[in-house]
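Protein chains in written order, with this note's numbering: chain Y, 174 to 660; chain V, 174 to 660; chain D, 174 to 660; chain G, 174 to 660.
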C-alpha cells in the first residue's frame, strides 16, 4: 500500500473493535464521536500533508528498509538532518492542528529508540529482537499505520520500586511467558493520541533492577487487542466538544490522553522487543527521551506560532495596531525559536549509534526540556496579556447566548469591535483553547519532567573539565577535591 | 439589621427578580443553579467569617458613619492599616474559597473611590453627590448587602473615543436626564460576582473629554432593576459544574463574570454619583485602581497559598516527601509574599485624601500590578510541575469513569498511590481547577492590565530626580536635556 | 555634645591611633588617604544630612534613652515607622553617596539586635548586659560617634564548627576572662566602613553549641584599641583612587571592606554584651539579619535610582531621547520599588519585642534578601544596556589620555556627542563605577546569602496551613502525611 | 609560510612601528608591556592550538583558495559545519584564555562578510573588489597573520546621520580618492584585540544613504600604517596589570579595546573593498552580524564554563561539597548551552550565499544576541553567589598585604580554608576577574546591542504567517487587518 489518504486512515480506525471509553460510555466510532473526532481530524491532516506538495518533504521520507516513500513518522532517524526534520515536522503539525498529535510522535520516537536498544541487545545477548522490529516496521510502513507510544506506568507509591509495591500491577509487567506469546498485566496512563492510533508501541519504565525483571517489557500491539480497555481522560472544557458552535473553536485538531488497562493481554512473540532484560530498560527509555526532549521544542514552538498569530489577530479585531505589542510579540518568538533552535542544536550535535540511529546530544536535549517547562507558559501569558480580558479566561457568553433569540442581539452588538462579533469571539476562544482550554498539551511532563532533566544536564555538563580549565587559568596546581562525606 | 447570616444573604438573593442568564436560559434561583451556586457559596463564607471569632477582626469593622459593626466590605478605608487589611482580607477570602469573590471587593473599592471623587466634586462644583453616597452607604451597611462593582465598557473600536464610535452604545452612557432620575444605555462587560450581589456599583471609564460627557456617569442600582439583563460568561470547564461528583472539586467557592446590558435603565437621582462631570472620570477610575492594584496582590497570594498546599499534598499522595520540592515550594511562597508584601507597602506608603480616604502609593501599587501579571502564572506552573502529569491538565478519567460498573475498579486501582484514589484525584482536580479550570480569576486584566500600569510607574518614578542625583555624584554641571523632537 | 558637623566627625577620626593598612602600608590619616577618603566623605554626608532641614527628619530622631535629638543611626527602632525609616534612610544615603556607608548601618543594626538579645539574656539569666548596653549607648549618642558592625568570621573549613577547626582562631573567640575584661583572639573579615568608624560593634556567629561557647562573644570597642590590626581589601579598580581626574568619578562616596585581626585584644567588661552564653548566639544573629534583610532593599533601590538616572543621562548625552528606553527604565524602577517596598512591608508586618525593639517580619525580610541577590544585578545590566558600549566596561581612554598633549584632542573630539566629551565620559564612568567598579556594594552576601534566606522562607511560609486549606477546599479528610524517611 | 608558532607571531608584532598608547604613553613592545602582554599571550595560544593535535581540527582548516592548511580564523565559512565550528572554536578559545581574543574573531567575521558583499557588488556593479579580497586573503593565509575587525564609529549625536553631524569626522570617511589609494579620516572606537593584530579590517556603518556616500568605505590596513594612532581604553582594575602577583590572576589571556584615530590615512587601492557604494553598506554590516550574533553564543558559553569551574573550585576550597550548589551549577550550564546551542542552530538552519559564504539564520542569530545580553550576567551572579563574599567583589587584601612582613602571616592564616590561602585567593580573584574585573568582554554591545536585535527578530518571525495559521484554525475568513494610522 502507498501512503494512505485521510479517508483511508479514518476507515481503518472504524474497522477496529471499539474499546475506548469516556464518561462511562463506549465510543463506537472514534472518527465521529465528539470526544475523539478532533484528534482524529488532527491526525488525518498528517496523511493529507504527506500527499501535499507543500509539506511532503517534511511529512514523508524514504524507508531505510525498502527504499519506498513512507510517512516520516514511520522512518528511522539516521542523521542530524533526520533529527532536525523531527523538530520541523512537529512544529509544522502543531501549526496545522493547533495542538498535539501524540498518536504519531511518541510512537515514532518509541520505534526509533527500540531500533537502537534491540540492536544492542541482539549484539550483546544474541537475541533476535532487532530483526523482529524490522519485520514489524516493514509491515507498518507498507500499511502506513498510525502508532502511538506508551511509557508511563501508574507507579503507585513513587518511593518504592515496582517489585515492592503493595499492588504489583502498579507497573505493567509480564505475568506469563508462553511459547508463542507473553501475557502482560497492568496499565499505562496518560497516553496521547491512542484514539487516533492503529497500533500502540509499549516501552518499559527506566532503571529497573533484577527483582523488577518482569517489568522490563517492550512490545507493539493492535489497539483493539483482546484484554485491553482504554479510558480517555478529561481535559479542560472537554464537555464543550459535545456542543454545537464555536465555543470549541478548533475542529481540525484535538488532543486525547488515555489510561490503558491490560488485563492479561497476550502479545505474540514476534511483536515483543524486550522480555525481562532489565539491564536494557534504562537504555530503552534514554534512547526515547533524548530525541523526544530535543524535538518537543518544535511542538511548543509550533503552538507558540499560533499564539502569536492569535494574539496579533485579536489586537487587530479590537481595533489596535500590533505595534505597541512588538516587545511582547518579539518575546513570544524568542521563546518559540529558543525551544525550536535548541532542538535543532541537539540534533546537529548528536552522534550515530551503531544501529544507524541518530542520538541527539543529551546535554542540549535536556536543557531544552527545562525550557519547555517554562517558556511556553510565558508565551501563553503573553497571548492572554495582548488579547485582553476576553481572551484571558474566554470571558464571553456562550454560543447559545450568542444566538439567543432573547438577548443574542445584545451579546453580538457588544462583542463587535473592529471585526465582526463572531470573528472576535472565535479568535478569543482560540486563545482560551490554547492557553486554558482543550488545546493544552502536556508539555511539562510529556517525555519526563524538567526537574528530571536537571541531573542529566549536571552529569553531561563536564564540571570537572570546567574546574580544570579554571585551575589552569588561575595558575593553581594544588589538588582541591570534593570533600569526603561526613557522618 | 446587624451583620447577616449566610442564610439571610442567600434568602435576599432569592427575593430578587431573576434576570441572570446562562446557556440561553434564565436562572430562576442563583443560590441553587449549577452555574451560580458556587460563587454564592463563596460569598456566603464572607458572611460566616464576619460572625466567626477567628476571622471577624478582618471580615468586619466599625462604620465611620454610624459607629456600628459592619462588614469590612462596606467600610471606608481611612488609614494605612485599613488599606493593609484590604490586602489581608482578600488573601483570607481566597484562602477560604479558592478563588475570586468579585461581588464584594470591586464593589468595596468602587464605593471607596467614589467617596473621594464625590468629595472633591462637591467641594469644587457645589454638588451633593458625597451626601447622596453617605445616605446610600448607611442603608447598605444597615442591610449588610453585597455590592459588586462594574467598570469595563465593551469599548468597540479601541482606537476611538466613546463619542466617535460607530455605535454610540459601546460605552455606557446617559440618554436622558429627568427630574428624578437619569436614563442609561449600553453595557458593562466581564463583571465579577454579580450573581452573588444585591446591588451593583457603576463607575465610568477613564479620561473622558467634553464630547464624551454623556459617558461620565456613576451610580448604584439594585441588581434586579428594570431594563437590566445579565448574561453570565463561560469559564474553563464550566459544564462540569452541572455534573455530579468531584470533577469540579470545589463546592464552596466559584467565580462568575457577566455581561450587563442596560436597555434604557432609569436610575433614581439619589443613587447617581456622577452625571456628565467628565473632568472627574479620570479621578473616579484612578481612585479605584490604586487600592485595587495594591490589594490584588493579596488575592493572588491567597490563591498561591492554596496552590502550594495542593502541590505539597499531591506530592505526598504520590508517596513523595516535599523535601526535593523545597526550592520550588519556596519560589511559590516568594511569589505569594511579593504581591502580598507590595500591596502592604503601597498601603503603608499611602497618604490621606481630604475626604478621609486612604490613597495607596501609586508607584508601588502599579509595580504590584505588573507582578500580578506574571508571578501567579509562574506559581501555577510550579504547582503543575510538582503535581505531575495528572495535575498538569487534570489528566484522569471522569467521575463517571471513576465509578463505572464496567471499568471503575480499574480506574480506582491505578489512581491509588500513597493515598486513596479518591483523595489523589480530588487534589489533582484541585490543581487543575486552580490552574486551567474554573477557579482561574481574571488577574491579568482585572483592575487594568500590567501594560497599562507601566506608564504610571514611569510617571511616578522620579526619573528627573534620579538624573539630578547622578549628575551630582559624577560632578556634572552641564545641562544635558532630552533632545527636541525632530520631524 | 549635640549632633556633630562633618568636620568634627573627620577630626575625631584623625585623633585615633592609625591601625589601618592597605597595599602593605599604614594609612596615617584616613580622611585624606586615597584608599579611605571616599568612604569618609560618604559618611561625612550623613552628618551633614542630620543638620540639613531637607533630610534631618530621616537622618536624625529622638533618643528613647534621653529624649535628645540624635543621629538615627544610633537610635533604637521601636515601631513599624522606625523600621520603615531604616529603609528610607538607607535609600537616601545611597542616593547621596552612590554606594554603601557600612560604617553606620551594620553598626546600627548590631546595637539594635543586641538591645533585644541582652534584654532576653538579662531576663532569663539575671545578667546585666542590657544595662551595660544602655550605658554605652547613652555615651555613643552624646558623642554622636560612628559605629561599624562586624559579624563575619573567617570560618576556615566551612564543613566544621569553630571548636573543631584545625586552627581554633578561625572564628573570633575568648581566650581569657579576667575581672575587668575579656581577652579575644581571631578575626572578622569583609567588614564595611571601618575606616570611617569611631568604634566597632562585634556580634558572634550563629548557631553555636556548648563546645563552641568561647565563640559566643559580643562587644564594642574603639577602632584603635590595642591589639587590633585592620587591613583594607581591594575592590574593583581601586588603584584608580590614587589617580587624578574623573576615572574614579565619585568623590563624595566610597566603600571599604576590611579584615580585622584581633591579637589578644583586651575588652573592658562594661563593653561586653555576651560572654559564652552560646544559646543566645542564634538570636543575636537573627535579631540582626531580619531588619538588615528588610532594609537592604532600600540600599539597592537607592543605588538603582542612581543607575536609572545615569542611564537616562548617558542616553541624552548620546543625543537620544529616553522614550525608546521606557520599557527598560520602567523595569529598573520596578526592581528598585520591589526591594524597597518589600523592606517597607517587612517593617509594616513586624511585631514588638519585649525589649521595645521592632522585629521585622522574617518571611518578607528573607524574601527580600532573595530579590537583593538578583534584581540589582538586572538593574546593572539594564544600565549598561541603555548606556551603550562606553558604559558597559568603561570602554574609554584614561584621564591621562583624555588630557594627553599628543592625542588628547583626538580623544576629546571623538568622545563628544550631544554633550561635552567630559560630561559624557563622567557619566559613562559613573555607570562603570556603579556596575563593575569601585561603587559595587557586597549586596549578595552582606547580611547573609540569598540561599541562606530560603530555608527561613520555607520555615515561615506556613506550608502545613496551606495544605490544610487545600484539603478543606477539595473536600479531603484522609490523613496524607509526609512519608517517613527510608533507609 | 606554514602556520606560525606563538613565538613567530609575537616576533611579527615586535616588528611593527609602535603606535599604541595607554595612560598617555607609547607602548614600545606590545608583547611585554603590562597593558597589552595579556591579550598577546591569549592570541598566542591560538597559534599554539593550531599546532596542537588536540585542538588543530578546530583551530585550523583547509583554504578554499589554495587547499593549504591555514588558521581557521583566516578561512571562508562555506557550510553549516564551518559555521558551527565558528561557535565551537570561540568556546574553545575562551576556555583557554578566559576572555575575548577579539583580534581574531571580529576580523574573521569581517573578511567573511566582505567575501559575500564584494561578490554581490562585483556581480551587480562590475567592480573587482572580490578579486582584490581574494588576493589579499591568499597573502594573509600564507603569512598566517592576525587580523582584527573594526566597525564602530564614534557617531557623535546619535539622532543624526553622518553627513549631518556638526563634526563630519564623527564617522570614518573618505576625504580623497586618488589613483592608487584613498585617503580616510575619522575614528573607529572600542575595537578589540588591535594590540595583538598584524592588520585591521575596516567595515562601514550600516544603512547609509546617498548623502553619506563618503562614509561607505571598507578596507584592510597594516596596524602600523602611517597616520593611524591607537589609544587603548581602560577596563576594570587595569592598573593591577602593572602589579606583581596574582591580583590579576590570569596571565595567559586578556582583553584590550582601543580607539583608532585616522588622520588622513592613505589606503592602497588593492586593499579597498568598498568606496562610496552606499547601497551595500547595509549588507556589509548584516553579513557581519548574522554569524557574529550566532557565534558570540559560543564566546559567552566558553566564559561560562570557566565561571562554573571556578565557582565549584571555590566551594571546595571553602570546604564545601558542590552538591548543595547543583541547582545553581545546572543553571549556569543551562545558560551556557543555550547561547552555544542557539549559535549552532543558527548555523544549522542557515543557507548558502551565491559567493559560497554560509549565511546563518538571522532569526535565531538575533534571538541569541538577546540571550547574550542577559544570560551571561545571570551566570556571573551565580558564580558570585556560589563563591561567597570573597568572590563577589574580590574582597580580600592585596598581594602586597598577603606578603606583608608585618601582617602577611595574619592575612594568610585567615584566608586559608580547605585549600591553601594562595589557591583560595587565586580562584576568588579569578571569579572577580571574570565578573567585575579585567576579564569582562563587551558582550552586551559587541556585534550590536540586544535591543537592536529585536526588530530583526520581529521582521523575520513571520507574524503574518502566524496570523494566517490562527485564522485557519479558528475558522475565520473575514479580513482583519492592521488599522490604518490615524492623525
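By construction, the Cβ of each residue, glycine as well, lies at the ideal position given by its N, Cα and C atoms.
Close-in-space but distant-in-sequence residues of the same chain around residue 186 of chain G (CB under 6 Å, 5 per side omitted): Along the fourth chain, read from residue 1 onward, the residue named residue 186 of chain G stands at position 13. The residues are 203, 204.
Sequence-distant residues of its chain with Cβ nearer than 7 Å to residue 420 of chain D (five each side left out): Residue numbering aside, residue 420 of chain D sits at position 247 when the third chain is read from its first letter. Around residue 420 of chain D: 413, 571, 572, 602.
Cut-off 8 Å between Cβ atoms - residues of its own chain near residue 231 of chain Y, not counting five sequence neighbours on either side: Sequence index remark: in the first chain, residue 231 of chain Y carries index 58 (1-based). If you ignore the 5 residues before and after residue 231 of chain Y, its C-beta comes within less than 8 Å of the C-beta of 222, 245, 258, 261, 262, 265, all in its own chain and listed in chain order.
For residue 427 of chain V, the nearest candidate out of V:554, V:283, V:610 (CA to CA): The residue you call residue 427 of chain V lines up with position 254 of the second chain. Of all alpha-carbon atoms in V:554, V:283, V:610, the one lying nearest the alpha-carbon of residue 427 of chain V is that of V:610.
Residue-level contact to chain G via CB, residue 183 of chain Y, 8 Å cutoff: The residue given as residue 183 of chain Y occupies position 10 in the first chain. With a threshold of 8 Å between beta carbons, residue 183 of chain Y makes no contact with chain G.
Alpha helix (DSSP H) runs contained entirely in the region 566-599 of chain G, provided each spans 4 or more residues: If we require 4 residues or more, the alpha helix (DSSP H) runs fully inside the region 566-599 of chain G come out as 572-575, 581-588.
C-beta contact flag for residue 224 of chain G and residue 176 of chain G at 8 Å: Residue numbering aside, residue 224 of chain G sits at position 51 when the fourth chain is read from its first letter. Residue numbering aside, residue 176 of chain G sits at position 3 when the fourth chain is read from its first letter. Contact: yes.
Proximity below 8 Å, CB of residue 390 of chain D to CB of residue 309 of chain D: Start at 1 with the first residue of the third chain, and residue 390 of chain D comes out as number 217. Start at 1 with the first residue of the third chain, and residue 309 of chain D comes out as number 136. Going by beta carbons, residue 390 of chain D and residue 309 of chain D fall outside the 8 Å limit.
Chain-ordered residues of the region 404-416 of chain G with a beta carbon less than 7 Å from chain Y: If the cut-off is 7 Å between Cβ atoms, the region 404-416 of chain G has nothing near chain Y.
Nearest candidate by alpha-carbon position, reference residue 470 of chain D, set D:386, D:235, D:541, D:422: Locating residue 470 of chain D in the third chain gives position 297, counting from the first residue. Looking only at D:386, D:235, D:541, D:422, the smallest Cα-Cα distance to residue 470 of chain D is reached by D:541.
Residue 548 of chain D at chain V interface by Cβ criterion, 8 Å: Position 375 of the third chain, counting from 1, holds the residue named residue 548 of chain D. No, residue 548 of chain D lies away from the interface with chain V (no Cβ there is under 8 Å from its Cβ).
Contact set between residue 442 of chain V and chain Y, taken where Cβ atoms lie within less than 8 Å: Within the second chain, numbered from 1, the residue matching residue 442 of chain V stands at position 269. None at all; the shortest Cβ gap to chain Y is about 26 Å.
Contact check, residue 617 of chain D vs residue 516 of chain D, beta carbons under 8 Å: Position 444 of the third chain, counted from the first residue, corresponds to residue 617 of chain D. Position 343 of the third chain, counted from the first residue, corresponds to residue 516 of chain D. Judged by beta-carbon spacing, residue 516 of chain D lies beyond the 8 Å limit of residue 617 of chain D, meaning their Cβ atoms are not closer than that value.
Inter-residue spacing [alpha-carbon to alpha-carbon] between residue 372 of chain Y and residue 314 of chain Y: The sequence position of residue 372 of chain Y within the first chain is 199, counting from 1. The sequence position of residue 314 of chain Y within the first chain is 141, counting from 1. In a straight line, the C-alpha of residue 372 of chain Y is about 12 Å away from that of residue 314 of chain Y.
Secondary structure, beta strand (DSSP E): runs of 3+ residues fully inside the region 356-441 of chain Y: Those beta strand (DSSP E) runs which fall completely within the region 356-441 of chain Y and span 3+ residues are 372-375, 390-395, 401-405, 430-441.
Test item: CB-CB of residue 506 of chain D and residue 634 of chain V under 8 Å: In the third chain, residue 506 of chain D corresponds to position 333, counting from 1. In the second chain, residue 634 of chain V corresponds to position 461, counting from 1. Residue 506 of chain D is a Cβ neighbour of residue 634 of chain V, given a cutoff of 8 Å.
Span of the beta strand (DSSP E) around residue 303 of chain V: As a working note, residue 303 of chain V is residue 130 in the second chain. Annotation: residue 303 of chain V is outside any beta strand (DSSP E); the continuous alpha helix (DSSP H) that includes it extends over 302-316.
Whole-number beta carbon distance between residue 404 of chain V and residue 582 of chain Y, since they are thought to touch under 8 Å: Taking the first chain and counting its residues from 1, the one referred to as residue 582 of chain Y is at position 409. Taking the second chain and counting its residues from 1, the one referred to as residue 404 of chain V is at position 231. About 12 Å separates the Cβ atoms of residue 582 of chain Y and residue 404 of chain V, ruling out a contact at the 8 Å cut-off.
The region 255-266 of chain G: positions lying closer than 9 Å to chain Y by Cβ: Residues passing the 9 Å Cβ filter: 257.
Chain-ordered chain V contacts of residue 573 of chain Y [CB-CB under 7 Å]: Working through the first chain from its first residue, we reach residue 573 of chain Y at position 400. Contact note: residue 573 of chain Y reaches chain V through 196, 197, using a C-beta cutoff of 7 Å and chain order.
Touch test, the region 432-450 of chain D against the region 301-308 of chain D, Cβ-Cβ under 8 Å, three pairs minimum: By the Cβ rule, the region 432-450 of chain D counts as touching the region 301-308 of chain D, because three or more pairs are nearer than 8 Å.
Residue(s) in a DSSP beta bridge with residue 322 of chain V: Numbered from its first residue, the second chain carries residue 322 of chain V at position 149. Note: residue 322 of chain V sits in a beta bridge opposite V:374.
DSSP three-state assignment for residue 447 of chain V, whether helix, strand or coil: What you label residue 447 of chain V is simply residue 274 of the second chain in a count that begins at 1. Three-state DSSP puts residue 447 of chain V in a strand.
Interface flag, residue 660 of chain V vs chain Y, CB-CB below 8 Å: In the second chain, the residue the question calls residue 660 of chain V occupies position 487. A caution first: residue 660 of chain V carries a pLDDT of 46, below 50, which makes its placement in the model unreliable, though a value can still be read off. Cβ-Cβ to chain Y under 8 Å: no for residue 660 of chain V.
Beta-carbon proximity of residue 646 of chain Y to residue 479 of chain G, cut-off 8 Å: To locate residue 646 of chain Y, count along the first chain from 1; it is residue 473. To locate residue 479 of chain G, count along the fourth chain from 1; it is residue 306. Yes, they are a contact pair.
With 16 other Cβ atoms within 10 Å as the buried cut-off, status of residue 240 of chain G: Walking along the fourth chain from the start, residue 240 of chain G turns up at place 67. Looking at its Cβ environment, which holds fewer than 16 other Cβ atoms inside 10 Å, residue 240 of chain G is exposed.
Residue from Y:614, Y:566, Y:648, Y:530 whose Cα sits closest to the Cα of residue 283 of chain Y: If you number the first chain from 1, residue 283 of chain Y lands on position 110. Its Cα nearest to that of residue 283 of chain Y, the residue Y:530 stands out among Y:614, Y:566, Y:648, Y:530.
Alpha-carbon spacing of residue 358 of chain D relative to residue 608 of chain G, whole angstroms: The sequence position of residue 358 of chain D within the third chain is 185, counting from 1. The sequence position of residue 608 of chain G within the fourth chain is 435, counting from 1. So the two alpha carbons sit approximately 34 Å from each other.
Any chain G beta carbon closer than 8 Å to residue 636 of chain Y: As a first step, residue 636 of chain Y must be located in the first chain, where it is residue number 463. The beta carbon of residue 636 of chain Y falls within 8 Å of a beta carbon belonging to chain G, placing the residue at that interface.
Members of the region 557-585 of chain G that neighbour chain Y once the beta carbon cut-off is set at 8 Å: Hits within the stretch: zero.
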